[in-house]
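Asks:
In the numbering used here, the protein residues as written are 58 to 376.
1. Note the first and the last residue of the continuous alpha helix (DSSP H) segment covering residue 170.
2. For residue 294 and residue 360, I'd like the C-alpha separation in whole angstroms.
3. Pick helix, strand or coil for residue 274, following the three-state DSSP scheme.
4. Smallest Cα separation from residue 302: which of 112, 323 and 355?
5. Here's a check: name, in chain order, each residue in its chain whose Cβ is nearer than 7 Å to the Cβ of residue 273, leaving out the five neighbours to either side.
6. My understanding is that residue 315 touches residue 58, with C-beta atoms under 8 Å, so please give their C-beta distance in whole angstroms.
7. Taking DSSP as the reference, what is the three-state secondary structure of residue 351?
8. Helix, strand or coil, according to DSSP, for residue 61 in the structure here?
9. State the Cα-Cα distance for the pair residue 312 and residue 89, rounded to the nearest angstrom.
10. State buried or exposed for residue 222, treating a residue as buried only when at least 16 other CB atoms are found within 10 Å of its CB.
11. Any chance the region 64-71 sits against the region 339-348, with 3 or more Cβ pairs inside 8 Å?
12. In this structure, does DSSP put residue 372 in helix, strand or coil?
13. On the criterion of 16 or more Cβ atoms from any shown chain inside 10 Å, does residue 120 qualify as buried, or is it exposed?
14. Can you give, in chain order, each stretch of the beta strand (DSSP E) that sits fully within the region 221-261 and has at least 3 residues?
15. Might you give, ordered along the chain, the residues of its own chain that have their beta carbon closer than 6 Å to the beta carbon of residue 192, omitting 5 neighbours on each side?
16. Does the beta-carbon distance from residue 363 to residue 287 come in below 7 Å?
17. Using three-state DSSP, classify residue 157 as helix, strand or coil.
18. For the beta strand (DSSP E) that contains residue 182, what are its first and last residues?
19. Please tell me whether residue 261 and residue 317 are closer than 7 Å, where the distance is taken between their beta carbons.
20. If you compare alpha carbons, which of 254, 238, 178 and 242 is closest to residue 212?
21. What does the alpha-carbon distance come out to for the pair residue 116 and residue 282?
22. Where does residue 318 fall in DSSP's three states?
23. When you compare only the Cα positions, how much space is there between residue 263 and residue 71?
24. Taking the beta carbon of residue 138 as the centre, do at least 16 other beta carbons fall within 10 Å, making it buried, or is it exposed?
25. Restricting to Cα atoms, I'd like to know which of 266, 242 and 241 is closest to residue 228.
26. So the candidates are 347, 242 and 336; which of them puts its Cα closest to the Cα of residue 372?
27. Are residue 118 and residue 310 close, meaning C-beta to C-beta below 7 Å?
28. What does residue 107 pair with, by DSSP beta-bridge criteria?
29. When the cut-off is 7 Å and only beta carbons count, does residue 112 lie next to chain C?
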């Protein structure tokens, strides 16, 4: 795989500073039952990195000590961690809002019996990857058979109340472009998804999040292989929005890797760009350190979050 970081370190992206920390985004490990082209984590079944129990206990301590309102759990497929359900239950007991970044097909993996019912019981917000409402496009990006399993998973979640008004069970979907282009308008595409998924399968959901493919890891390497990296970066920069730059997710979120080290976002985590500070900042530092007002580490890939309508883990920054 091509090294992308050397192409991103020289940047004219504006200086950013942190606001109040309200979200702890925790990557439980890079093991996944899928290997998607756009994956900025380079996750797959061959990845063995998984968070240990000491780091997981620190996650819970930090949530309590700092009064952080949201735990955003990601991976890989975070549900593959043997303590995933333990973490969700303990965070729920603290009154923390819990988000699960779910690839849907994980519901049918061996050892995941009752996963959907577990998520519903703890009212976990499910943010599910579905890059298109058409079989051909999804299977091309994520692997043969993924679309059918994803539809089955969504129907299972709907049957439990997810995505249905008044249920208190939130189901959001994620769209990533198929190639080196900006995502289409989120509002328009959401209407298309709602119409097509309900009309074809009777599926309902709350919101669609459109997210720009970041020029790092597997996707960035593919761009280099295809001779498209420079043009993609130029497109991101030509569509830069200063308003988006002021509202990017890293201002109020901190990303935690499987070892407990801290980063300004999940993308910086994958590039090895640690949170600025003495040594290598770790979860244990958050027990006694407030990050508000600190400098955010930026590089050229940050243009991906600030281009066009903007991009964050909660979708477009402009609607």
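Glycine is no exception: its CB is placed at the ideal position from the N, C-alpha and C atoms.
Replies: For this structure:
1. In the chain shown, the residue the question calls residue 170 occupies position 113. Note, residue 170: premise wrong, no alpha helix (DSSP H); not H, not E.
2. Taking the chain shown and counting its residues from 1, one reaches residue 294 at position 237. Taking the chain shown and counting its residues from 1, one reaches residue 360 at position 303. For residue 294 and residue 360, the distance between alpha carbons rounds to 6 Å.
3. Counting from 1 along the chain shown, the entry for residue 274 is found at position 217. It is helical.
4. The residue labelled residue 302 in the question sits at position 245 within the chain shown. Measuring from the Cα of residue 302, the nearest candidate turns out to be 355.
5. Here residue 273 refers to the residue found at position 216 when the chain shown is read from its first residue. Only 61, 97, 324, 327, 328 and 358 meet the Cβ criterion.
6. Position 258 of the chain shown, counted from the first residue, corresponds to residue 315. Position 1 of the chain shown, counted from the first residue, corresponds to residue 58. Not a contact, Cβ separation roughly 19 Å.
7. Counted from its first residue, the chain shown places residue 351 at position 294. The answer is coil: DSSP assigns residue 351 none of H, G, I, E or B.
8. One-based indexing of the chain shown puts residue 61 at position 4. Coil.
9. Working through the chain shown from its first residue, we reach residue 312 at position 255. Working through the chain shown from its first residue, we reach residue 89 at position 32. Taking the straight line from one Cα to the other gives about 19 Å.
10. To locate residue 222, count along the chain shown from 1; it is residue 165. Flag for residue 222 reads exposed.
11. no
12. Stepping through the chain shown from its first residue, residue 372 is reached at position 315. Three-state DSSP puts residue 372 in a strand.
13. Translated into positions along the chain shown, residue 120 becomes position 63. By the 10 Å Cβ count, residue 120 comes out buried.
14. 228-232
15. As a working mapping, residue 192 is identified with position 135 in the chain shown. Same-chain partners within the cutoff: 204.
16. Within the chain shown, numbered from 1, the residue matching residue 363 stands at position 306. Within the chain shown, numbered from 1, the residue matching residue 287 stands at position 230. Not a contact, by the Cβ cut-off of 7 Å.
17. Mapped onto the chain shown, residue 157 falls at position 100. It is a strand residue.
18. Locating residue 182 in the chain shown gives position 125, counting from the first residue. Segment 182-186, the beta strand (DSSP E) holding residue 182.
19. As a first step, residue 261 must be located in the chain shown, where it is residue number 204. As a first step, residue 317 must be located in the chain shown, where it is residue number 260. No, Cβ-Cβ distance for residue 261 and residue 317 is not below 7 Å.
20. Taking the first residue of the chain shown as 1, we reach residue 212 at position 155. The shortest C-alpha separation from residue 212 is found at 254.
21. Residue mapping note: residue 116 aligns to position 59 of the chain shown, counting from 1. Residue mapping note: residue 282 aligns to position 225 of the chain shown, counting from 1. For residue 116 and residue 282, the distance between alpha carbons rounds to 38 Å.
22. By one-based count along the chain shown, residue 318 stands at place 261. Residue 318: strand per DSSP, three-state reduction.
23. Locating residue 263 in the chain shown gives position 206, where the first residue counts as 1. Locating residue 71 in the chain shown gives position 14, where the first residue counts as 1. Using only the alpha carbons, I get a separation of about 34 Å.
24. In the chain shown, the residue the question calls residue 138 occupies position 81. Residue 138 should be labelled buried.
25. In the chain shown, residue 228 corresponds to position 171, counting from 1. Residue 228 has its Cα closest to that of 266, out of 266, 242 and 241.
26. Start at 1 with the first residue of the chain shown, and residue 372 comes out as number 315. The residue with the shortest Cα to Cα distance from residue 372 is 242.
27. Locating residue 118 in the chain shown gives position 61, counting from the first residue. Locating residue 310 in the chain shown gives position 253, counting from the first residue. Against a cut-off of 7 Å, the Cβ pair of residue 310 and residue 118 comes out as no contact.
28. Taking the chain shown and counting its residues from 1, the one referred to as residue 107 is at position 50. Residue 107 is bridged to 86.
29. The structure shown contains no chain C; it is built from a single protein chain.
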